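Here the structure is laid out as C-alpha cells; the discussion comes afterwards.
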Amino acid sequence: MSTPNKVKIGLIGLGSIGSHHINYLKTMDSIELVGVCDIDRAKADKFAADASTTAYYDYKELFAKSGLKAVIIAVPHYDHTPISEDAFQQGLHVLTEKPLAVHINDAQKSIDAYEDAKLANPNIVFGIMFQERTLPFYAKIKDIVSSGELGRLTRTTWIHTKWFRSQTYYDGGDWRATWAGEGGGILTNQCPHTLDMYQWLVGVPSKISGHAHIGKYRNIEVEDEVTAYFEHENGMIGHLMVTTAESPGTNRLEIIGELGKLVYEDDKLTLYRNRESMLKYGLETKERFGGVENWPTEIPVNTNAPTGHKVVTDLFVKAIQNGGGELIAHGTEGIKGLTIANGIMLSSFKKQIIDVPFSGDEFEAKLKELIASSKYVKKTVEAEEGDFSKSFSG
Ligand SMILES: NC(=O)c1ccc[n+]([C@@H]2O[C@H](COP(=O)([O-])OP(=O)(O)OC[C@H]3O[C@@H](n4cnc5c(N)ncnc54)[C@H](O)[C@@H]3O)[C@@H](O)[C@H]2O)c1
33 MSTPNKVKIG LIGLGSIGSH HINYLKTMDS IELVGVCDID RAKADKFAAD
83 ASTTAYYDYK ELFAKSGLKA VIIAVPHYDH TPISEDAFQQ GLHVLTEKPL
133 AVHINDAQKS IDAYEDAKLA NPNIVFGIMF QERTLPFYAK IKDIVSSGEL
183 GRLTRTTWIH TKWFRSQTYY DGGDWRATWA GEGGGILTNQ CPHTLDMYQW
233 LVGVPSKISG HAHIGKYRNI EVEDEVTAYF EHENGMIGHL MVTTAESPGT
283 NRLEIIGELG KLVYEDDKLT LYRNRESMLK YGLETKERFG GVENWPTEIP
333 VNTNAPTGHK VVTDLFVKAI QNGGGELIAH GTEGIKGLTI ANGIMLSSFK
383 KQIIDVPFSG DEFEAKLKEL IASSKYVKKT VEAEEGDFSK SFSG
C-alpha cells in the first residue's frame with residue numbers, strides 16, 4: 033500500500049548506473065519505486081523482481097500506467113532529450129543523468145519543455161546527476177572561491193586524467209564511443225562532471241580553443257585526449273587537460289587569484305594566501321624578482337560528509353515533497369558544461385578559437401556529418417562486470 037507523502041518514482045535505464053541507483057532507491061523511505069523500465073526485457077524483469085516493483089519495456093508505458101510523479105533517466109545520452117521532453121509534457125518531475133544532452137540544441141529542448149511545464153506547475157523539479165559536486169574537496173573549493181577571498185581570479189588549470197578507460201570498456205556497449213551512439217568521447221561521457229565543476233567554480237569561458245585527438249590511444253571514433261585553453265570575460269584564463277589513456281592519472285586543480293593560490297591534488301587542498309595583492313604588488317614593488325609573501329595552509333576538509341548519487345536524489349525528492357528547495361544541481365545548469373564540451377570540439381574541428389555563445393546548429397550539423405560519414409565498425413564484446421564504482425572515482 034502506498035503512503036501519501038512518498039514520492040512515486042520510476043527509473044528508466046537499468047545498466048551500469050541504473051543498477052547503482054536502484055540499490056539506494058530500495059533503501060529510501062521517502063519514495064515508492066512504482067516501476068522500472070529498460071528496453072532489455074530480461075533486465076527490466078530481473079530488476080523489477082529484485083525491487084518488488086513492476087517492469088516496463090517502453091518508457092511511455094511506464095508514464096501511462098505506473099502512476100509515477102517523478103522519473104530518473106539513466107539511459108544513453110541521446111535519449112535524455114526525448115524522454116525528458118515527454119516527461120515534462122506529462123507534468124513529471126525529472127532527475128536526469130549527465131550529460132543533459134549530447135549537444136546544446138538538444139539541451140535547450142529539455143530546458144524549454146521544463147519551462148513550459150513550469151507554467152502549469154511552478155513547483156516542478158528538474159535535477160541533474162552531478163553528484164561530484166557533493167565530494168568534500170570540491171564543495172570546499174566552491175566555498176572558498178565563492179567567498180571571493182582569492183580576489184580577482186587570473187588562472188584556473190585543471191589536469192584531470194584519472195578517467196582511465198580500456199579498450200574493453202569501450203567495446204563493452206554498442207552505443208559507446210561512436211558519433212551515432214554517444215555523440216562524443218571523453219567530453220561527453222566522463223568529463224561532464226569535470227566541465228560542470230569547472231563552470232560551477234569559475235563560470236563558462238567567453239572564448240574556447242580546443243584540441244581534441246580522435247581515437248588516439250583506443251580504437252574508437254571519438255575523442256580520447258583533449259587539451260583546451262579558455263578566456264573568461266573577467267580576464268581569467270583557463271586550461272583543461274583530460275584523457276582516458278593515462279595511468280596513473282592526475283587530478284590537479286589550480287585556481288589562482290591575486291590574493292592566493294588554491295591547489296587540489298591527491299586528496300590535499302592547499303591555500304597559499306598572499307599577504308597582499310600579487311597584481312598590485314607586481315606594479316608597485318621596487319624589487320625586481322621574488323614575489324609576494326604568502327602563507328601555505330592545508331585546508332581542513334570534512335571527508336565524512338555524505339556524498340554521491342543518493343545525496344542528489346534525496347534532495348530532488350525533498351524538493352518535490354516541499355514544493356521547492358535546494359538541489360545539488362539544477363537541470364538547466366547542465367547546458368553550461370555542455371557548452372564548453374561542444375565549444376571545445378567545434379574549435380578543434382574548425383581549428384579556430386570559438387566565441388561563446390556559438391551556433392548550436394553548426395555543432396549539430398557537424399555531428400550529423402560525422403555520423404553520416406562514419407566508416408567505423410563497432411566491435412561489441414561482453415565485458416566483465418568489475419567494480420563499477422571505480423568509474424566515478426576520478
Ligand atoms: N552520474 C554518474 O556517475 C554516471 C555514471 C555512469 C553513467 N552515467 C550516465 O548514465 C547514462 C547511462 O550510462 P550507463 O553506463 O548506465 O549505460 P549502460 O549501457 O550500462 O546502460 C544503459 C541502459 O539503458 C537501456 N536503454 C537504452 N535505451 C533505452 C530506452 N530508450 N528506454 C529504456 N531503456 C533504455 C539499455 O538497455 C541499458 O540497460 C549515460 O548517459 C551516462 O553518461 C552517469
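Under this note's numbering, the first residue of the sequence shown carries the number 33, and numbering increases by one thereafter.
The beta carbon of each residue, even a glycine, is placed where N, CA and C say it ideally should be.
Predicted model only: the values in this text are computed from it and were never measured.
Going by the CB atoms, is the gap between residue j and residue i shorter than 7 Å?
| i | j | result |
| --- | --- | --- |
| Tyr202 | Arg250 | yes |
| Ser379 | Ser241 | yes |
| Ala373 | Leu227 | yes |
| Thr188 | Gly270 | yes |
| Val68 | Phe79 | yes |
| Leu291 | Leu182 | yes |
| Gly47 | Val103 | no |
| Gly45 | Val134 | no |
| Leu370 | Leu132 | yes |
| Phe120 | Ala149 | yes |
| Glu129 | Ile156 | no |
| Ala83 | Glu117 | no |
| Leu359 | Gly235 | no |
| Ala260 | Ile376 | yes |
| Asp90 | Thr113 | no |
| Leu127 | Phe348 | yes |
Looking at the unbroken beta strand (DSSP E) that takes in residue i, where does it start and where does it end?
| i | result |
| --- | --- |
| Asp256 | Glu255 to Glu263 |
| Val388 | Run containing Val388: none; DSSP gives neither H nor E here. |
| Phe158 | Phe158 to Ile160 |
| Pro328 | Asn326 to Glu330 |
| Val39 | Val39 to Ile44 |
| Gly216 | Element bounds for Gly216: n/a, residue is neither H nor E. |
| Leu301 | Lys300 to Asn306 |
| His125 | His125 to Thr128 |
| Arg187 | Leu185 to His192 |
| His245 | Lys239 to Ile246 |
| Leu291 | First-last for Leu291: undefined, no H or E at that position. |
| His362 | Segment: none, His362 is in no beta strand (DSSP E) and carries neither H nor E. |
| Leu65 | Ile63 to Cys69 |
| Val177 | First-last for Val177: Pro168 to Ser179, but that is the alpha helix (DSSP H), not the beta strand (DSSP E). |
What are the boundary residues of the alpha helix (DSSP H) that includes residue i?
| i | result |
| --- | --- |
| Asn374 | Gly366 to Lys382 |
| Ala351 | His341 to Asn354 |
| Thr200 | Gln199 to Asp203 |
| Ala119 | His112 to Gln121 |
| Lys312 | Met310 to Glu316 |
| Tyr146 | Ile136 to Ala152 |
| Leu94 | Tyr91 to Lys97 |
| Ala102 | Unbroken run through Ala102 is the beta strand (DSSP E), Ala102 to Ile105; no alpha helix (DSSP H). |
| Thr226 | Pro224 to Val234 |
Note down the Cα distance separating residue i from residue j, rounded to an integer number of angstroms.
| i | j | result |
| --- | --- | --- |
| Val343 | Tyr313 | 44 Å |
| Gln222 | Arg197 | 9 Å |
| Thr220 | Lys194 | 15 Å |
| Ile386 | Val258 | 16 Å |
| Leu100 | Ile191 | 42 Å |
| Thr335 | Pro168 | 6 Å |
| Lys318 | Ile288 | 23 Å |
| Gly366 | Arg320 | 46 Å |
| Gly123 | Pro154 | 10 Å |
| Asp72 | Val388 | 40 Å |
| Pro224 | Gly363 | 13 Å |
| Leu285 | Glu297 | 7 Å |
| Gln163 | Gly340 | 5 Å |
| Asp70 | Ile218 | 25 Å |
| Lys38 | Met60 | 10 Å |
| Met310 | Lys172 | 23 Å |
When every heavy atom of ligand 1 is checked, does at least one fall within less than 6 Å of the C-beta of residue i?
| i | result |
| --- | --- |
| Glu129 | yes |
| Val344 | no |
| Gly205 | yes |
| His109 | yes |
| Ala209 | no |
| Leu46 | yes |
| Asp82 | no |
| Asp72 | yes |
| Tyr91 | yes |
| Ala96 | no |
| Ile49 | yes |
| Ala106 | yes |
| Met161 | yes |
| Cys223 | no |
Any C-beta of chain C sitting closer than 7 Å to the C-beta of residue i?
| i | result |
| --- | --- |
| Ser84 | Looking at the structure shown, chain C is missing, and only one protein chain is on hand. |
Practice task
Count the CB pairs spanning the stretch 268 to 277 and the stretch 295 to 308 that are closer than 8 Å, and state whether there are at least three.
Solution key: no
Handout entry: Contact between the stretch 200 to 216 and the stretch 347 to 359 (3+ Cβ pairs under 8 Å)
Key = no
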